[in-house]
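For the protein sequence lines, the chains are R and S, in the order given. If you read the first sequence in full-length UniProt numbering, its first letter stands for residue 1, the second for the next number, and so on. If you read the second sequence in full-length UniProt numbering, its first letter stands for residue 1, the second for the next number, and so on. Have a look at the structure below, then the notes.
2 protein chains.
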Amino acid sequence: MEKGTGSLPAPPKPPLRTPPLPLKLRFKREEAKGTWSRDRAPTEPSLRAYELKTAADGSRSASTVPRPPRGGAAAAGAPWVAAPERDGTEGAVMGRTLVELFYDVVSPYSWLGFEVLCRYQHIWNIDLRFRPAFLGGIMQATGNKPPAMLPKRAEYLLKDIKRMAKYYQVPVHISGDDFKRVLGTGTLGAMRFITAIDMTQPQYVESLSREFWLRFWSQREDISQTANILAAARQAGLSSELAQKTLEMISSPAVKNRLKETTEEAIKYGAFGMPAVVAHFNGEPHLFFGSDRLELLGSIIGEKWLGPVPSPKM
Amino acid sequence: MEKGTGSLPAPPKPPLRTPPLPLKLRFKREEAKGTWSRDRAPTEPSLRAYELKTAADGSRSASTVPRPPRGGAAAAGAPWVAAPERDGTEGAVMGRTLVELFYDVVSPYSWLGFEVLCRYQHIWNIDLRFRPAFLGGIMQATGNKPPAMLPKRAEYLLKDIKRMAKYYQVPVHISGDDFKRVLGTGTLGAMRFITAIDMTQPQYVESLSREFWLRFWSQREDISQTANILAAARQAGLSSELAQKTLEMISSPAVKNRLKETTEEAIKYGAFGMPAVVAHFNGEPHLFFGSDRLELLGSIIGEKWLGPVPSPKM
């Protein structure tokens, strides 16, 4: 693999706002349920511009599964390119790294990965792209089974998720009956709703996804109910009109296909569960499975891991 | 749970040697196979003293599965006690934390966890106790299956282990046919050999375990062969006489039972795979599964994660 093959010089990253972006998650451990702030982080102009552009030129609704835009997008002025190969020195990766996060709000570990990546997108030289997908489809296609089906693992996961959520400062509230609750609740509607927003108003994807997680994993709300989907949309900042319009879209072939394609794309990248983080460097996509490989990812792209709750750059 | 219930005041930790202990692992990435140093870290007098004492009083060969010695061992002068409950301030855990590592040299992730804990035992306020066990027994008892049996996961694990090994600076050399090789090689003999040494000359457990991993996971040697077990023993510093004597022990009921008991103990703690790290704090054992939960463990016991290759304290 030649150094820098196929990559264009990286345009400068847009400057961070001053004063530094506030951390999005202000969950106070001691205050627990209900006090976690829903404050949304400002959207990143670069990423949003790309998403809107893609939606506008229709390439994302093509029937073939779109590859992540590297050369093409860069040529078209998209701000990220694949990071060139490391030159052997620690920390010496040039260019911005596209990091795609494939997730389903049914997955609590995906929430952890989502929040940490949302924090690091303002610190690391990465462009984060949200890829709402359908975990059920991934499990079916790969033959994977929910990890909690093994009783001893279920016992452990309960503890692990609690401890990780506390350490990551993400208000997952989980108890023993949650695995059953989760298996009995479909998130297909919610994921189609997020997908529809991703296709039309992608600036809401982050806040909307967070809102679904809050309702499903913090407040134990049944997010398969239409009323709750609409309430989540409004809480995420959508107007009633937009929420209603989006709801009408979720049974359309365009939205269904887009969710299916994104799921298929995750599988092509090697995903067998979620979260699936796909980082593009050395001219290739690299899969990192789980919410616990971000330190490893950082080490490879030359970025420093500052723990799950890093302070934004000054 | 009351603060500090059942714990004795922690005796001072023996001072670290000056100059600081050399890092055990001097693997130079660029020099790859064969150049990784087998240098052993100095043994920790406190831990060794405990191990020898246990072996001497015979408690470990009791037919019931022994609980980890907390009150009893502390009363008998063992240097570690369960860490009392946190007082709410970050980093404020008093006392030393006993950390047990259950492992089998068949598991490459166990090797990663082993090396990182060997490094942190000189940095964190912990006492590390090696618990050689048998992964096959854990899998059978819990109904767990080797993760690589799912083809997509096997593909991923190959990449993940390679990347993690590089980042952790542990010379695992893995390729596509290794999963088959591993399933076809029994480590029961090796684990019985390590168990026998743990019962008689525990100061060799660390170097011997490392030697088996090096042979099995770095040099692809068949460690089920008696000749290779003896060669590993000699490389780990055992005299020919001790190696031969230990070999004769491995078919004895005492050794077989001890390995079985350790394995059962891991299962009682909730293990369903390896490595299984069991840390004792707040008067209870807490299971951490995998080599990727040590940052989380540190955060709970008030110790700072410094990455997988930390510098020892000055």
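All residues carry an ideal CB built from backbone N, CA and C; glycine is no exception. Quantities reported herein were computed from a predicted structural model and do not represent experimental measurements.
Query	Result
As a quick exercise: from R:Y120, R:I126, R:W124 and R:K145, pick the residue whose alpha carbon is nearest that of R:M274.	R:K145
If I'm right that S:Y167 touches S:E115 with Cβ under 8 Å, what's the distance once you round it to whole angstroms?	Contact doesn't hold; Cβ gap of about 12 Å is too wide.
List the residues of chain S that R:D292 touches, going by C-beta distances under 7 Å, in chain order.	D292
For R:I174 versus R:L158, is the C-beta spacing smaller than 8 Å?	yes
Take every Cβ of the stretch 176-195 of chain S, pair it with every Cβ of the stretch 217-232 of chain S, and state whether three or more of those distances are shorter than 8 Å.	yes
Does chain S have any CB closer than 8 Å to the CB of R:E155?	yes
If the cut is a Cβ gap below 7 Å, which residues of chain S does R:K268 touch?	Per Cβ cutoff of 7 Å: no residues; R:K268 is ~11 Å from chain S at best.
Quick check on the DSSP output: the beta strand (DSSP E) that includes R:Y103 runs from which residue to which?	T97 to Y103
Check whether the stretch 196-205 of chain R touches the stretch 227-243 of chain R, counting contact only when three or more Cβ pairs, one atom from each stretch, lie closer than 8 Å.	yes
Tell me whether S:R220 sits in a helix, a strand or coil according to DSSP, three-state version.	coil
Can you pull out the residues from the stretch 138-151 of chain R whose beta carbon lies closer than 7 Å to at least one beta carbon of chain S?	T142, G143, N144 and L150
Given R:A233, which residues of its chain have a CB within under 6 Å of its CB, disregarding the five upstream and five downstream residues?	A243
Can you tell me the Cα-Cα spacing of S:P285 and S:L208, whole angstroms?	27 Å
Which runs of the beta strand (DSSP E) spanning at least 3 residues fall entirely within the stretch 115-171 of chain S, listed in chain order?	126-132
Can you tell me which of the three DSSP states S:P202 falls into?	helix
Assign R:A279 to one of three DSSP states: helix, strand, or coil.	strand
Does S:P285 come out as helix, strand or coil in the three-state DSSP assignment?	strand
Can you tell me whether R:Q225 is helix, strand or coil according to DSSP?	coil
Identify the continuous alpha helix (DSSP H) that holds S:F179 and give its terminal residues.	D178 to G184
Considering Cα atoms alone, identify which of R:L214, R:L294 and R:A165 is closest to S:S299.	R:A165
Please give the ranges of any alpha helix (DSSP H) in the stretch 227-267 of chain S, keeping only runs that are unbroken, at least 4 residues long and fully inside the region.	240-249
Taking a cut of 8 Å between CB atoms, which residues from the stretch 152-186 of chain R lie near chain S?	K152, R153, E155, Y156, K159, D160, R163, M164 and Y167
What do you reckon, are the CB atoms on S:M191 and S:L259 nearer than 8 Å?	yes
State the Cα-Cα distance for the pair S:L294 and S:F288, rounded to the nearest angstrom.	8 Å
In whole angstroms, what is the alpha-carbon distance linking R:M249 and R:I197?	9 Å
Is any beta-carbon of chain S found at less than 8 Å from that of R:S299?	yes
Exposed or buried, S:A276, counting other C-beta atoms within 10 Å across all chains shown (16 or more means buried)?	buried
Give me the Cα-Cα distance between R:F193 and S:T142, rounded to the nearest whole angstrom.	39 Å
I'd like to know whether the C-beta atoms of R:A133 and R:T263 end up nearer to each other than 8 Å.	yes
Counting contacts by CB-CB distance shorter than 8 Å, is S:L287 in contact with chain R?	yes
Can you find the residues in the same chain that come closer than 7 Å, C-beta to C-beta, to S:F216, ignoring five residues on each side of it along the sequence?	V105 and I223
Rounded to whole angstroms, how far is the Cβ of R:R96 from the Cβ of R:I123, which I believe are closer than 8 Å?	Not really, about 13 Å apart at Cβ, beyond 8 Å.
At least one CB of chain B closer than 8 Å to the CB of R:F272: is that the case?	Structure shown: chain B not included; protein chains present are R and S.
Leaving aside the five residues before and after R:V172 along the sequence, list all residues of the same chain whose C-beta is less than 7 Å from its C-beta, in chain order.	P108, W111, I161, A165, W217 and S218
Alpha carbons only, please: which of R:G136, R:Q140, R:N257 and R:A227 is nearest the one belonging to R:V182?	R:G136
Along chain R, which residues have their Cβ under 7 Å away from the Cβ of S:L306?	Chain R residues near S:L306: none, gap ~11 Å exceeds 7 Å.
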